[in-house]
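J.: Counting from 1, position 96 in the sequence shown corresponds to residue 96 in the working numbering; the numbering is continuous, with no gaps.
Quick reminder that beta carbons are idealized off the backbone N, C-alpha and C, glycines included.
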Amino acid sequence: MIRPSLISVLKFSIVWCIFNWWIGGFNHLNERPRGVHQGAQCDRASLAFNYYADGLQFLYPEVHENRCNDGVVSCELPLSNYLSALLYKAFGFNEKYFRLLTFLFVSIGMFAFWLMLKLYFKTITAYLLLFLLNGSPILLFYSSNFIPDASSLGLVLVSWFLFFKLFIKHPYQPNYQKRIYYVLFVFALSFAIASKTTSLIQWISMTLLCLLSYIKFLKIELVNKKRMLLSLFFPLIIPVAWQLWARHLGKLHNSEFFMMHIPVMNTWQEYQTAWHVYIANWPAETFSAPLQYFILFFLILPFFLKKYTDNHLWYLTMLNTIGSFLFMAIMIQQFMYHDYYILCLLPCFLLNWIAIGNAIQKIKSPYWWVKIGLFIMLLMAVKIQLLYGKLNLEARYTPGNYWEQSQQVTKDYSEFKILINKRGIGRKNCVLVGYDGAPNNVLYLLDLSGRRINKDFNDEQILEAVNEINPQYLISNDSNFTARINPYFKKLDLLEKHEYLELYRVEY
Numbered sequence: 001m002i003r004p005s006l007i008s009v010l011k012f013s014i015v016w017c018i019f020n021w022w023i024g025g026f027n028h029l030n031e032r033p034r035g036v037h038q039g040a041q042c043d044r045a046s047l048a049f050n051y052y053a054d055g056l057q058f059l060y061p062e063v064h065e066n067r068c069n070d071g072v073v074s075c076e077l078p079l080s081n082y083l084s085a086l087l088y089k090a091f092g093f094n095e096k097y098f099r100l101l102t103f104l105f106v107s108i109g110m111f112a113f114w115l116m117l118k119l120y121f122k123t124i125t126a127y128l129l130l131f132l133l134n135g136s137p138i139l140l141f142y143s144s145n146f147i148p149d150a151s152s153l154g155l156v157l158v159s160w161f162l163f164f165k166l167f168i169k170h171p172y173q174p175n176y177q178k179r180i181y182y183v184l185f186v187f188a189l190s191f192a193i194a195s196k197t198t199s200l201i202q203w204i205s206m207t208l209l210c211l212l213s214y215i216k217f218l219k220i221e222l223v224n225k226k227r228m229l230l231s232l233f234f235p236l237i238i239p240v241a242w243q244l245w246a247r248h249l250g251k252l253h254n255s256e257f258f259m260m261h262i263p264v265m266n267t268w269q270e271y272q273t274a275w276h277v278y279i280a281n282w283p284a285e286t287f288s289a290p291l292q293y294f295i296l297f298f299l300i301l302p303f304f305l306k307k308y309t310d311n312h313l314w315y316l317t318m319l320n321t322i323g324s325f326l327f328m329a330i331m332i333q334q335f336m337y338h339d340y341y342i343l344c345l346l347p348c349f350l351l352n353w354i355a356i357g358n359a360i361q362k363i364k365s366p367y368w369w370v371k372i373g374l375f376i377m378l379l380m381a382v383k384i385q386l387l388y389g390k391l392n393l394e395a396r397y398t399p400g401n402y403w404e405q406s407q408q409v410t411k412d413y414s415e416f417k418i419l420i421n422k423r424g425i426g427r428k429n430c431v432l433v434g435y436d437g438a439p440n441n442v443l444y445l446l447d448l449s450g451r452r453i454n455k456d457f458n459d460e461q462i463l464e465a466v467n468e469i470n471p472q473y474l475i476s477n478d479s480n481f482t483a484r485i486n487p488y489f490k491k492l493d494l495l496e497k498h499e500y501l502e503l504y505r506v507e508y
C-alpha cells in the first residue's frame, strides 16, 4: 500500500533536497533578495509583519499603507501570513521564516503529488513527472516567497492525494479507512480554498464527480459516496465564514485592498487584449517554450482515450480541465499581470497525467513502442524544463535582467531605515512616500505607516492623498516627485539624505 511511511518520507526528502540544491531553489531562502519586493509579494509580507508588530490579532489583517488609520483590510484567509508572524515572534523578525514556511507547504504538497503519481506510475516515472512540474519557472520562483497561491497549491495537492486514497477505487490497493485521514482531507482542502479562492476549482471537480456518480449509465465507481458528500461539505465552512468576515471588514473599514470580487471588463476588445497579453508572457513561464505544445497535446489527449481510461478518472480530468479553463476565461484580467494565478490550477496537469497513465497501462502489448516513445519524450521534456527553469530562476534574482522586476533596491532602503529610525520616526508617524508603483513596497521596506504616491497619479489624486492623511513627513526617491509635491506644502525641511532617498519634515 502507498502510505506516507517514514522510509518513503526519507527517500523523497533526499531526492527533493538534491533537486532543489541543483536547480537553485535553496539559494534565496536565507536572504532578502530584490526579486521578492514587488507589488503583491510586499503586500503579503506586510500582512505578516503587521501581525507580528501589532499583537497577532488574526481577525484583523493589516497592511502598511494604512492611510494613517488602522490599516485593517479585507483579504483571503491570511494563513501563511499569520503562521509566519508566529515564527517571527518565536525567532525574531527575518523574512527567511516566511519563505521557509511557504517552501514547507509546497514541499509537503509535492510529496503528496509524488505519492499520488505512484498510484499509477512506476517510481522513476513519478519522479520525472515531479521534476517536469517543478521545473516550471513560475513554481520555482514562488515556492520560496510570500504569495499564498503557493501554500494553497501545497495544501490542495495533499487534499487530492487523500481524496484518491479515501474515495477512488484502486485496482489492488485498499482505501484509507481511519477517521484521521478524513479530518486531514477536510482541513487541507478547507485551508487551501480559504487561502486562495482559485483552489475552489478543485472542490468543484471533486463534488461534480460525486454527483455524476449517481447517474448509473456513466458507470462512475466511487468508495463510500455518502461519507464523500459529507467530507466535501465541511471544507466550505471556513472559506465561507472567512469570506463573510472579509466582506464585513471591507465595508467597515472601506478598504477592499485585495481583490475580493470577479473583475468585469467593459468591452470585448479589452477581453481579447487580456488574452493576448497572457499568451504572450506567461505560458512559457509555466512550461518552457518548446514544451507548451507538448503539454497542450496531452491536455487534449484524454478526450480521445475514454475507452482506455477508468470512468472516474476520465470524468475527473475532463471536469478539472474544463473548470480550470473556464476559471481562466472569467478571471483573465487577473491572469494578465499576475503570473502566479496559474499555480492553483496546476493540479489540472496532475489529473491529466494520471488519466493518460491509466490509459497507457491498458494499451495492448503490440503497441509497446508507444510506451517507450512516450518515456523518451518525457526524458527530453524534463531536461528542457529543468535547464530553462534553472536559468530563469537565477535571472529573476539578477539585477538588470528583464525577469528581475523589483521596483526598489532593498539594500538602499534598509540603510535609509536605520537613519530615519535614529530620528525617532517609525510606525506611529504619518508619512507620505513617492514614487511607488505598488501600495506597500516603500512603506514595508521602511516599516512606516501612511500612503504612497504612484508616478501615474494626476494632480487631483495627489491633492486627495495629501488632504486625506495630512502627513507629518515626506519620503522621496525621485527628484521629480519632490519638485511636484513641493507646492502642496508651505515648506519641506530636509532631515536626511541617503543616495537618492530623502526625508522631509512637512510644514503647513
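For Val72 versus Leu249, is the C-beta distance shorter than 8 Å?
T.: A contact, by the Cβ cut-off of 8 Å.
J.: May I ask you to report which of helix, strand or coil DSSP gives Lys497?
T.: Residue state, collapsed to three classes: strand.
J.: Leaving out the 5 sequence neighbours to the left and right, which residues in its chain are closer than 6 Å to Pro33 when beta-carbon positions are compared?
T.: Any answer about Pro33 is weak, because its pLDDT of 47 lies below 50 and its placement is not dependable; what the coordinates show is given next. Correct list, in chain order: Tyr397.
J.: Based on Cα-Cα distance, which residue from Lys491, Leu212, Asn392 lies nearest to Phe287?
T.: Cα-wise, what sits closest to Phe287 is Asn392.
J.: Can you look up Arg67 in the DSSP assignment and give me helix, strand or coil?
T.: Of the three classes helix, strand and coil, the one that applies to Arg67 here is coil, per DSSP.
J.: For Arg451, write down the residues that DSSP places opposite it in a beta bridge.
T.: According to DSSP, Arg451 bridges with Leu432.
J.: According to the neighbour-count rule (16 or more other Cβ atoms, all chains shown, within 10 Å of its Cβ), is Ser143 buried or exposed?
T.: Flag for Ser143 reads buried.
J.: Within 10 angstroms of the Cβ of Met110, are there 16 or more other Cβ atoms? Answer buried if so, exposed if not.
T.: Result: buried.
J.: If you count every other CB in all the chains shown that lies within 10 Å of the CB of Asp70, and 16 or more means buried, which is it?
T.: Asp70 is exposed by the Cβ-count criterion.
J.: Looking at C-beta atoms only, is the number of pairs between the stretch 332 to 347 and the stretch 272 to 284 that lie closer than 8 Å three or more?
T.: Touching, yes, given that three or more Cβ pairs across the two stretches are closer than 8 Å.
J.: Is Arg99 buried or exposed, if buried means 16 or more other CB atoms sit within 10 Å of its CB?
T.: Buried, since its Cβ has 16 or more Cβ neighbours within 10 Å.
J.: Are the beta-carbon atoms of Gln292 and Ala284 separated by less than 8 Å?
T.: In this structure, Ala284 lies closer than 8 Å to Gln292 by Cβ.
J.: Could you tell me which residues DSSP puts in a beta bridge with Val506?
T.: Bridge partners of Val506: Leu492.
J.: Hey, Ile475 and Ile462 are a contact pair by Cβ (cut 8 Å); roughly how many whole angstroms apart?
T.: Actually they are not in contact, since the Cβ atoms of Ile475 and Ile462 sit about 15 Å apart, beyond 8 Å.
J.: Quick check on the DSSP output: the beta strand (DSSP E) that includes Ser476 runs from which residue to which?
T.: Unbroken beta strand (DSSP E) run through Ser476: 473 to 476.
J.: Could you spell out the range, first to last residue, of the alpha helix (DSSP H) harbouring Ser195?
T.: Segment 179 to 195, the alpha helix (DSSP H) holding Ser195.
J.: Near Glu394, what residues of its chain come up, given a Cβ to Cβ distance below 7 Å and the 5 sequence neighbours on each side ignored?
T.: Gly24.
J.: Can you give the Cα-Cα distance for Trp160 and Met328, rounded to whole angstroms?
T.: Those two C-alpha atoms are separated by around 21 Å.
J.: Tell me Ile168's beta-bridge partners as DSSP assigns them.
T.: Leu222.
J.: May I have the straight-line CA-CA distance separating Leu232 from Arg505, to the nearest angstrom?
T.: Leu232 and Arg505: Cα-Cα distance of roughly 57 Å.
J.: Could you give the distance in angstroms between the alpha-carbon of Cys75 and the alpha-carbon of Leu244?
T.: Whole-angstrom Cα-Cα distance: 11 Å.
J.: Return the bridge partner residues of Val72 from the DSSP annotation.
T.: Glu62, per the DSSP bridge assignment.
J.: Run through the stretch 386 to 450 for me and flag every whole beta strand (DSSP E) of 3 or more residues, listed as ranges in chain order.
T.: You should have 430 to 434.
J.: Shortest alpha-carbon distance to Ile322 belongs to which of Ala188, Pro171, Pro302, Leu77?
T.: If we check each option's Cα against that of Ile322, Pro302 comes out closest.
J.: Can you give me the C-alpha to C-alpha distance between Lys169 and Lys225, rounded to a whole angstrom?
T.: Approximately 12 Å between the Cα atoms of the pair.
J.: Taking the alpha helix (DSSP H) that Cys210 falls in, what are its first and last residues?
T.: It spans 200 to 212 - the alpha helix (DSSP H) in which Cys210 sits, taken as one unbroken run.
J.: What runs of the alpha helix (DSSP H), each 4 residues or longer, lie entirely inside the stretch 244 to 306?
T.: The qualifying runs are 268 to 281, 283 to 286, 292 to 300.
J.: Please report the straight-line C-alpha distance between Glu507 and Ile469, rounded to a whole angstrom.
T.: C-alpha separation (whole angstroms): 14 Å.
J.: Whole angstroms is fine: what's the gap from Tyr214's alpha carbon to Leu56's?
T.: Straight-line Cα distance between these residues: approximately 46 Å.
J.: Taking only the alpha-carbon atoms, compute the straight-line gap between Phe141 and Trp16 and give it to the nearest angstrom.
T.: When rounded, the distance between both Cα atoms is 16 Å.
J.: Kindly list the residues whose CB is nearer than 6 Å to the CB of Val382, restricted to its own chain and excluding five residues on each side of it in sequence; keep chain order.
T.: Cβ within range, chain order: Leu128, Phe131, Leu132.
J.: Verify whether the separation of the beta carbon atoms of Pro148 and Ser80 is less than 8 Å.
T.: Closer than 8 Å, so yes.
J.: Pick out whichever of Asp493, Met336, Val223, Ile204 has its Cα sitting closest to the Cα of Lys165.
T.: Lys165 has its Cα closest to that of Val223, out of Asp493, Met336, Val223, Ile204.
J.: My output table needs one value for Phe217: the three-state DSSP class, helix, strand or coil.
T.: Reduced to three states, the DSSP call for Phe217 is helix.
J.: Assuming Leu513 contacts Val466 (C-beta within less than 8 Å), just tell me the rounded distance between them.
T.: An answer regarding residue 513 cannot be provided, because it is not within the stretch 1 to 508 covered by the chain.
J.: Which value, in whole angstroms, describes the spacing of the CA atoms of Glu270 and Met336?
T.: Rounded to whole angstroms, Glu270 to Met336 spans 11 Å at the Cα level.
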